[in-house]
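Residue numbers (the numbering used here): 2 to 167.
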Ligand SMILES: [Fe+2]
Ligand SMILES: [Fe+2]
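Written as structure tokens, this is what we have:
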């Protein structure tokens, strides 16, 4: 199995985008199954943004100062996703805002993933090279087990709180 950080993050993206399609294909009235899909989306995104925020972004910021603006923009995009995930987590799937909010989450995250994969990751790969990316990936695998899976867990809430107040 590859431990290349970018390969691992792209695998996450693939799973997340598959869940987005499941939601979009579920149909108008499939309230229960859409509720279940959104739970899975929230879990995947909570783990994924945690790993990027804790491992990749700070490292890239430190090692590639030229990419600082991209890192800061990505933090903001994660923050928007965090807020939407938290709101959806406590919302009843039957709520009239549920589908609309999920659609906005999907649009935002799809845009963010495209930016990462098309603009950002290639620059990171070029700037860092193989070894640092493998070390970063190994660290991600290690941290995955203790990453928050729900937006209400303290480490996830702290991230949202820090983004607003710190
Ligand atoms: Fe990201
Ligand atoms: Fe990502």
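From the three backbone atoms N, C-alpha and C, an ideal C-beta is built for every residue, glycine too.
As summarised for the stretch 20-63, the continuous alpha helix (DSSP H) elements at least 4 residues long and confined to that stretch are 32-52, given in chain order. The C-beta separation of residue 4 from residue 130 comes to about 14 Å, leaving the pair out of contact by the 8 Å criterion.
Listed in chain order, the non-local C-beta contacts of residue 102 below 8 Å within the same chain comprise 85, 88, 89 and 92, local neighbours out to five positions each way being set aside. When DSSP states are grouped into helix, strand and coil, residue 156 belongs to the helix group. Fewer than three beta-carbon pairs drawn from the stretch 17-24 and the stretch 68-81 are found closer than 8 Å, and the two stretches are therefore not classed as touching. Straight across, the Cα-Cα distance linking residue 46 with residue 17 is about 7 Å. Judged by DSSP in its simplified three-state form, residue 150 adopts coil rather than helix or strand.
Residue 81 is positioned such that its CB atom lies no closer than 9 Å to that of residue 128. DSSP, read as helix, strand or coil, puts residue 97 in coil.
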